[in-house]
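*Asks:* Attaching a single structure in structure tokens format; questions to follow.
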Amino acid sequence: MKIHSSMAAVLPLISAAYSEAVKSCPSEASGACYQVSVPTTTSRSGSGEIFFQLSGPSSLQWVALGQGQQMAGSNIFVMYASEDGQNVTVSPRAGVGHREPMFNPETQVSLLDGSGISDGMMTANVRCSNCESWAGGEMDVRSSSSNWIWAVKEGDPLQSDDQSAEIERHDENGEITFDLTRAAGGSSMNPFEDAAPATATASSGPSQGQSSSPSMMRRNVVIAHGVLMALAFVLLFPLGALTIRILRSRRLVWIHGGAQLFAFSIAIAGFGMGVWIATSGDWGVNGSHQIIGIIVIALLLLQPALGLIHHVLFAKHHQPTAWALGHVWLGRSLLILGMINGGLGLRLADNTTKGKIAYGVIAGVVGVSYIAVVLTAWIRGRGRPGPRDGETGEKLTEARPENSPMGSTAASGSLRT
Ligand code: HEM
Ligand code: HEM
Ligand code: HEM
Ligand SMILES: *[C@@H]1O[C@H](CO)[C@@H](O)[C@H](O)[C@H]1NC(C)=O
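Numbering-wise (the working numbering), the sequence shown opens with residue 185 and increments by one.
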């Protein structure tokens, strides 16, 4: 029950922390939509490539997005049907007032995979390498309220590959404010690839296999790594550890051991992903997050052995063991380190402020509850005879005289100070 409600609370919060693009469909009538995505490397350094997507029905002659607050001085991108009618042309232009913007060859734009005309929809996935500043202005890629403009024109397809093709004045126009802090994504090559026209992936046979690009897959692995690790260290390990202090069962040790091994297997899966992310990209295994992560996972390997050795000895001699002391304190330290490392990971991945806060709050609540439970168990156990009674969860259950015929032996065993 406890596990259920806290899981339900934590999962949406964790996933809400991930956002790759901000989107706006400012005019329902025209059906045009715009998205902007800022790669992690760009948002971290404050400059670099940005990605955006323009889309709209092919009943529109052109669809445009611009950086700025008004036509004059803005950095504009106009999309229209290409000559063959299968793809689109993206034309970077400089806004010069209330007239046709001028083609601007200085702007470094490229049309990416997933662009094209399909099912009556035009889509342009665009990368711009020098859009943080232009002749008429500049844009803060980390701004939470960045100013953009848009405009659309209805009419027959232009069908031109010429980036300086003549266009007519818009039917509709307006402004968009994007929160670019929410647009920060992973180190993607093309964040919109998965948004390719549905038919393009649906019609491709099994021979063509994967529908997502390497960069999308990479992003998904980063998310899976974060979610699995957070799940293991913030939720499963602490709950599994607390079973020892909360539950009363003759099989308590095995419930605890099983729960922890389950959490550990999730952490191992997350570890494999972490190593893959670190070694296959530009991270490497040299940051504090990666090193602490490796240390935590390596030392966790000792835990099952320490726990088991203690249990076997305890079952024989009914005495607290140094193994338990090691197991308990190593376990607690590693859980704390792991939780902290999750925070370092969020920082490394440049997760949103919301995501970091959500993680911090959940980790904090779990940490405080954990301490409360352990302290309560310890205080309760203090009144009883025997060395370190409260500290030893096993004794609280197995050494109770009514538990088994062995009970009295266990109790007298523990009375020998
Ligand atoms: C042949 C091309 C164009 C002509 C002749 C033109 C002309 C005009 C004119 C006369 C206005 C003021 C009246 C009104 O609001 O309609 C205006 C406003 C506007 N236009 Fe354009 N425009 C052109 C292309 C574009 C493009 C490609 C964009 C792309 C983003 C755009 C975005 C806007 C916006 C946001 C406004 C309102 C803000 C402002 O006054 O600057 N226009 N345009
Ligand atoms: C206690 C163990 C660990 C925990 C709790 C943990 C948790 C996390 C979290 C929460 C993120 C943020 C993901 C996101 O915001 O999208 C992250 C990112 C990352 N982790 Fe870990 N991690 C652990 C171990 C490791 C290990 C052992 C490695 C590699 C050797 C590693 C490599 C990475 C890398 C490279 C990123 C950044 C990914 C990117 O933005 O491209 N992690 N980790
Ligand atoms: C990765 C695996 C494991 C982890 C991370 C882990 C972690 C922990 C932690 C943190 C505690 C202390 C709870 C507290 O704060 O009071 C604990 C207690 C305990 N664990 Fe584990 N555990 C693991 C596996 C096992 C296994 C496999 C066994 C035995 C089969 C075991 C047996 C015990 C016992 C008997 C105690 C109570 C010790 C005492 O207080 O006397 N654990 N464990
Ligand atoms: C449109 O052109 C871009 C850039 O050359 C390409 O990546 C994309 O696959 C093309 N789309 C179609 C449907 O051919």
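Quick reminder that beta carbons are idealized off the backbone N, C-alpha and C, glycines included.
#1: Tell me, please, whether the segment 328–344 touches the segment 241–249 by the rule of three or more beta-carbon pairs shorter than 8 Å.
#2: Asp534 to Phe362, Cα distance in whole Å?
#3: Cα-Cα, which of Glu322, Val325, Tyr264 is closest to Glu166?
#4: How far does the beta strand (DSSP E) with Ser239 in it reach, from first residue to last?
#5: Can Arg516 be considered in contact with ligand 3, in the sense that its beta carbon sits closer than 7 Å to one or more heavy atoms?
#6: What span of residues does the beta strand (DSSP E) with Thr361 cover, start to end?
#7: When the distance is taken between beta carbons, is Gly279 closer than 8 Å to Gly304?
#8: Does the Cβ of Met401 lie closer than 7 Å to at least one heavy atom of ligand 2?
#9: Roughly how many whole angstroms lie between the Cα atoms of Gly527 and Ala408?
#10: How about Val222 and Val325: do their beta carbons lie closer than 8 Å?
#11: Buried or exposed for Arg402, going by 16 or more other Cβ atoms inside 10 Å?
#12: Determine the direct distance from the alpha carbon of Ser517 to that of Trp562, and round the result to whole angstroms.
#13: Any heavy atom of ligand 1 closer than 7 Å to the CB of Gln184?
#14: Just how far apart, CA to CA, sit Ser313 and Glu290?
#15: Do Leu364 and Ser327 come within 8 Å of each other at the CB atom, strictly closer than that value?
#16: For Ser397, which of helix, strand or coil comes out of DSSP?
#17: Could you tell me which residues DSSP pairs with Arg278 in its beta bridges?
#18: Under 8 Å by Cβ, that's how I've got Val550 and Pro422 pegged, so tell me the actual separation to the nearest angstrom.
#19: Hey, is Asn357 close to ligand 1, as in C-beta under 7 Å from one of its heavy atoms?
#20: Which full runs of the beta strand (DSSP E) of 3+ residues lie inside the segment 284–345, going along the chain?
#21: Is there contact here, the segment 504–520 with the segment 410–425, by at least three beta-carbon pairs under 8 Å?
#22: Which of the three DSSP states is assigned to Ser231 in this structure?
#23: Evaluate Val469 with the Cβ neighbour count: other Cβ atoms within 10 Å of its Cβ, from every protein chain shown; 16 or more gives buried, anything less gives exposed.
#24: Going by alpha carbons, who is nearest to Glu338 out of Ser258, Glu284, Gly240, Arg531?
#25: Keeping to the same chain, check which residues put their C-beta closer than 7 Å to that of Ser299; ignore five residues upstream and five downstream.
#26: Would you tell me roughly how many angstroms separate the C-alpha atoms of Ala213 and Asn357, rounded to the nearest one?
#27: Please return the same chain residues whose Cβ sits closer than 7 Å to the Cβ of Ser472, not counting the five positions on each side in sequence.
#28: Could you spell out the range, first to last residue, of the alpha helix (DSSP H) harbouring Val512?
#29: According to DSSP, is Ala382 part of a helix, a strand, or is it coil?
#30: Would you mind working out which of Pro504, Gly548, Val262, Ala416 sits nearest Tyr218, comparing C-alpha positions?
#31: Inspect the CB distances between the segment 479–486 and the segment 445–455 and report whether three or more fall short of 8 Å.
#32: If we count the other Cβ atoms within 10 Å of its Cβ and call it buried at 16 or more, is Gly491 buried or exposed?
#33: Can Leu519 be considered in contact with ligand 3, in the sense that its beta carbon sits closer than 7 Å to one or more heavy atoms?
#34: Whole angstroms are fine: how far does the CA of Val220 sit from the CA of Phe235?
*Replies:* According to the structure shown:
#1: The segment 328–344 is in contact with the segment 241–249.
#2: If you draw a straight line from the Cα of Asp534 to the Cα of Phe362, it is about 18 Å long.
#3: This structure cannot settle anything about residue 166, because the visible part of the chain is limited to 185 through 601.
#4: Counting along the chain, the unbroken beta strand (DSSP E) around Ser239 starts and ends at 234–241.
#5: Checking every heavy atom of ligand 3 against the Cβ of Arg516, one is found closer than 7 Å.
#6: Per DSSP, Thr361 belongs to the beta strand (DSSP E) from 356–362.
#7: Cβ atoms of Gly304 and Gly279: not closer than 8 Å.
#8: Answer for Met401: no, Cβ out of range of ligand 2.
#9: Looking at the two C-alpha atoms, the distance is approximately 15 Å.
#10: For Val222 and Val325, yes; Cβs fall inside 8 Å.
#11: Residue burial annotation: Arg402 is buried, with at least 16 other C-beta atoms found within 10 angstroms of its C-beta.
#12: When rounded, the separation of the alpha-carbon atoms in Trp562 and Ser517 is 18 Å.
#13: The question about residue 184 has no answer, for the chain in this structure spans 185 to 601.
#14: Distance between the alpha carbons of Ser313 and Glu290 is about 11 Å.
#15: For Ser327 and Leu364, yes; Cβs fall inside 8 Å.
#16: Residue placement at Ser397 cannot be trusted, given a pLDDT of 45 that sits under 50; what the coordinates show is reported in the next sentence. In this structure, Ser397 counts as coil in the three-state DSSP scheme.
#17: According to the sequence as given, residue 278 is Ala; it is not Arg. According to DSSP, Ala278 bridges with Asn259, Met286.
#18: In this structure Val550 touches Pro422 by the C-beta definition: roughly 5 Å separates them, less than 8 Å.
#19: Taken from the Cβ of Asn357, at least one heavy atom of ligand 1 lies inside 7 Å.
#20: Taking only runs of at least 3 residues, the beta strand (DSSP E) segments lying wholly in the segment 284–345 are 293–295, 300–302, 305–312, 330–338.
#21: Touching, yes.
#22: When DSSP states are grouped into helix, strand and coil, Ser231 belongs to the coil group.
#23: Burial state of Val469 is exposed, judged by a 10 Å Cβ sphere holding fewer than 16 other Cβ atoms.
#24: Minimum Cα distance to Glu338 is reached at Gly240.
#25: Counting only Cβ-Cβ distances below 7 Å, and skipping sequence neighbours, we find Asn271, Val272, Thr307, Ala308, Asn309.
#26: Straight-line measurement puts the Cα of Asn357 at about 12 Å from the Cα of Ala213.
#27: Hits under 7 Å: Leu528.
#28: From DSSP, the alpha helix (DSSP H) with Val512 extends over 506–532.
#29: Confidence is the limiting factor: at Ala382 the pLDDT is only 30, short of 50, which leaves the residue's position unreliable, though a coordinate-based value still follows. Looking at Ala382 - three-state DSSP - the assignment turns out to be helix.
#30: With distances taken between Cα atoms, Tyr218 lies closest to Val262.
#31: In short, these stretches touch, since the Cβ pair count reaches three.
#32: So Gly491 counts as buried.
#33: Distances from the CB of Leu519 to the heavy atoms of ligand 3 include at least one below 7 Å.
#34: Here the alpha carbons of Val220 and Phe235 stand approximately 6 Å from one another.
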